[in-house]
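A short worksheet on the structure shown next.
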Amino acid sequence: MLIRVGAALLALAACGPAATAAPKAAVFPFDMVFQTSEEDFFVGPPKVAPEEEVRLSRARQEIEDRIRASGQYEMLDIAPVAGDIASAAPLNKCNGCEMDFARKLGADILYLGVVEKASATILNMRIIVVDVAKGEPVKDVQAVVQGNTDDAWLGVTRWLTKNRLLVSSEGAKP
73 MLIRVGAALL ALAACGPAAT AAPKAAVFPF DMVFQTSEED FFVGPPKVAP EEEVRLSRAR
133 QEIEDRIRAS GQYEMLDIAP VAGDIASAAP LNKCNGCEMD FARKLGADIL YLGVVEKASA
193 TILNMRIIVV DVAKGEPVKD VQAVVQGNTD DAWLGVTRWL TKNRLLVSSE GAKP
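All letters in the sequence shown, in the order written, are residues 73 to 246 by our numbering.
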């Protein structure tokens, strides 16, 4: 009997401490917002250019890929709510619908991105990280994109992820 107990204890010790599951995170599609002017009344509101649509998608994917690679979160596939997201877009104006989508996915953390277009070449990328259970932002980071190009967007996306999103509140990288 003593040998069995000892063997069981050795087996448990060999397994190491119980691993805790990483929080589940969802990165939702980015929205673009424009500064409005009187001219918009006459010519209509500005629209997202096709190349900007691609950049918005790439920025979202880049952030998701980098967060996944960090190992800090289990990344969730947003495909099950893609239709709901498309119907509610833009998410920055849907009065909290993103929280319902995140809960439907089982997310603990939600990433929302907004790119504010001030001019043809000056934009501001903002990423809000929300604790889904509390319904409160835990981080709100932003940086200016100088140049409306693929390289400029990618550079700012990578910089924000490395220097703002994947650092603890104390400033030390995890």
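Each residue gets a CB set at the ideal place from its N, CA and C atoms; glycine is no exception.
Beta-carbon gap between residue i and residue j smaller than 8 Å
i: W225; j: R127; result: yes
i: L148; j: A98; result: yes
i: Q214; j: T193; result: no
i: Y145; j: I200; result: no
i: L238; j: S142; result: yes
i: F106; j: K189; result: yes
i: V202; j: P209; result: yes
i: A160; j: C169; result: yes
Where residue i falls, given that 16 or more other Cβ within 10 Å makes a residue buried
i: P101; result: buried
i: A131; result: buried
i: G243; result: Confidence in G243 is poor, its pLDDT being 45 and thus under 50, which makes the residue's placement too unreliable to answer from.
i: A154; result: exposed
i: A86; result: Because the pLDDT of A86 is 48, which lies under 50, any placement of that residue in the model is unreliable, and the number read from its coordinates should be weighed accordingly. With fewer than 16 Cβ atoms within 10 Å of its Cβ, A86 is classed as exposed.
i: T108; result: exposed
i: G185; result: buried
i: T233; result: buried
i: A174; result: buried
i: A179; result: buried
Enclosing beta strand (DSSP E) for residue i [first to last residue]
i: R198; result: 194-203
i: I181; result: 181-189
i: V153; result: Looking at the DSSP string, V153 is not in any beta strand (DSSP E), and its letter there is neither H nor E.
i: K165; result: Premise fails: K165 is in no beta strand (DSSP E) and is neither H nor E.
i: V99; result: 96-99
i: V228; result: V228 -> not in any beta strand (DSSP E); alpha helix (DSSP H) instead, spanning 222-232.
i: V105; result: 103-106
Host alpha helix (DSSP H) of residue i (start-end)
i: V126; result: 122-142
i: K206; result: Here K206 belongs to no alpha helix (DSSP H), and DSSP marks it neither H nor E.
i: F173; result: 169-177
Reference residue i; option with closest CA among the options
i: N220; options: D203, V187, A205; result: V187
i: L177; options: Q133, D222, V204, L238; result: V204
i: M104; options: G227, N196, S142; result: N196
i: R230; options: I135, K119, A158; result: I135
i: V120; options: S191, R175, A151, T92; result: S191
i: R198; options: D156, R236, E124, D137; result: R236
i: D223; options: E124, P118, M171, D137; result: E124
i: I150; options: D212, K96, G207; result: K96
i: D137; options: D212, Y183, E170, K211; result: Y183
i: K206; options: N167, D156, M171; result: M171
Contact with chain C by residue i, beta-carbon distance below 8 Å
i: E188; result: Annotation note: the requested chain C is absent from the structure, which comprises a single protein chain.
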